Ligand SMILES: NC(=O)c1ccc[n+]([C@@H]2O[C@H](COP(=O)([O-])OP(=O)(O)OC[C@H]3O[C@@H](n4cnc5c(N)ncnc54)[C@H](OP(=O)(O)O)[C@@H]3O)[C@@H](O)[C@H]2O)c1
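Residue numbers (the numbering used here): 11 to 289.
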C-alpha cells in the first residue's frame, strides 16, 4: 500500500463518509473531509475539514484544489455525499427531482471533473464513486434515486475508459444495505398519493410515510464497508470497475442482472445472437 496518500471525502461528518475518514487517517493518509455546517470530526494533524455542499460546482473545484494546496497532491477522491428519496414517479415534485439529481449525480460529476484534471496531470489517482446495488436494478418508489445513481454509473464508466491511459482508476462501489442513517433520518419522502398505499404496504409493511427516523438502518457495518473500500484502493492490481460492498450486495446484483436477462430473452433475436453461450 502507498502510505501518506491524500484523500478527499465528501459527506464526511457521519455515516460511511465518516467511517472512511477515520479509516484513512488510521491507515496513515491525509484527508480533506467535506461537511455541511457544523461537524464533530476530531482534531487531527492530517485532517483538514472544509465546507461543501456538493451541488456547488465552483466551490467543489476550490475544495479539490485545496487538497493539493494543503497536502501537495490528490491521490483519492471519494464521492460519498448523497441521500435517498421515497416517492413513486407520479408523486415526486419538480424541486425534489432536481435536488436529488443535483446532489447524487451532479455533485459527483463536479468533483470528478475537478479531480480528473489534477490526477491526469499527476499521472495517477483513484476516483471512487459511492454507488449502490440500486444502480444495477431498481425498486418501485425509489425511481429518482435509481435514476441519479444509474446516471452516476453511466458517466463514471465512460470516465474510467477516458482516464485509464493517464494512470487514473475509477471505481463504482456498489453498496448493499449499510448500517448508517441513510434509510432512517436521512431518507426523504415525497407527499404520498393514496393510489400507491397498497404498493407501499407491500414494500414496507405500511402505507405510512415518512417512517420513523431514529437510529441506523440494518446491514453491513459502515466500518467493514469502509475497510473494503480502503483495501481496494490500496491494491493497484485490482482492476475491477464495480466493487461489491456489503454482505447482501452480490445477491442483489445477481437478481437485477437475471431480471434484465429474462427481459432481453423475450426478444428471440437476443437468444439467436448467442446469449446462452455467454452465461
Ligand atoms: N447506507 C446504505 O444502506 C447505502 C446503500 C447504498 C448506497 N448508499 C450511499 O452511500 C453514501 C453515503 O450515505 P450514508 O449511508 O453514509 O448515509 P448518511 O449517514 O445519511 O450520510 C450521508 C452524507 O451525505 C451528506 N450529504 C447529503 N447531501 C449533501 C450535499 N448536498 N452536499 C454535501 N453533503 C451532502 C450528508 O451531510 P449532512 O451530515 O450535512 O446531512 C451526510 O454526511 C450515499 O451516497 C448513499 O446514497 C448508502
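C-beta atoms are modelled at their ideal positions from N, C-alpha and C, and glycine is treated no differently. Bear in mind the structure is a predicted one, so any value in this text is a computation, not a measurement.
Check                                                                                                                                                                          : Outcome
Answer yes if the segment 188 to 201 comes into contact with the segment 157 to 164, meaning at least three C-beta pairs across the two stretches below 8 Å, and no otherwise. : no
Can you name the start and end residues of the alpha helix (DSSP H) that residue 137 belongs to?                                                                               : Run containing residue 137: none in the alpha helix (DSSP H); it sits in the beta strand (DSSP E), 135 to 142.
Taking the alpha-carbon positions, what's the residue 136 to residue 44 distance?                                                                                              : 17 Å
Look at the Cβ atom of residue 154, then the Cβ atom of residue 102, and state whether they are nearer than 7 Å.                                                               : yes
Can you say whether residue 166 is buried or exposed, counting buried as having 16 or more other CB atoms within 10 angstroms of its CB?                                       : buried
Would you mind sorting residue 214 into buried or exposed? The rule is 16 or more other CB atoms within 10 Å of its CB.                                                        : exposed
Going by C-alpha distance, which of 31, 141, 98, 247 is nearest residue 179?                                                                                                   : 247
Do the CB positions of residue 256 and residue 177 come within less than 7 Å of each other?                                                                                    : no
What's the call for residue 262, buried or exposed, on a 16-neighbour Cβ count within 10 Å?                                                                                    : buried
Please classify residue 276 as buried or exposed, where buried requires at least 16 other C-beta atoms within 10 Å of its C-beta.                                              : exposed
Can you find a heavy atom of ligand 3 that lies under 6 Å from the Cβ of residue 192?                                                                                          : In terms of ligand content, the structure shown lacks ligand 3 and carries ligand 1 instead.
One question on the structure: do residue 17 and residue 49 come within less than 7 Å of each other, judged by their Cβ atoms?                                                 : no
Is the segment 82 to 102 touching the segment 117 to 124 in the sense that three or more CB pairs, one from each, lie closer than 8 Å?                                         : yes
Which class does residue 288 belong to by DSSP, given the choice of helix, strand or coil?                                                                                     : Bear in mind that a pLDDT of 47 at residue 288, under 50, signals an unreliable position, so the model cannot answer this.
What residue does the beta strand (DSSP E) around residue 130 start on, and which one ends it?                                                                                 : Looking at the DSSP string, residue 130 is not in any beta strand (DSSP E); the run it does join, the alpha helix (DSSP H), is 118 to 132.
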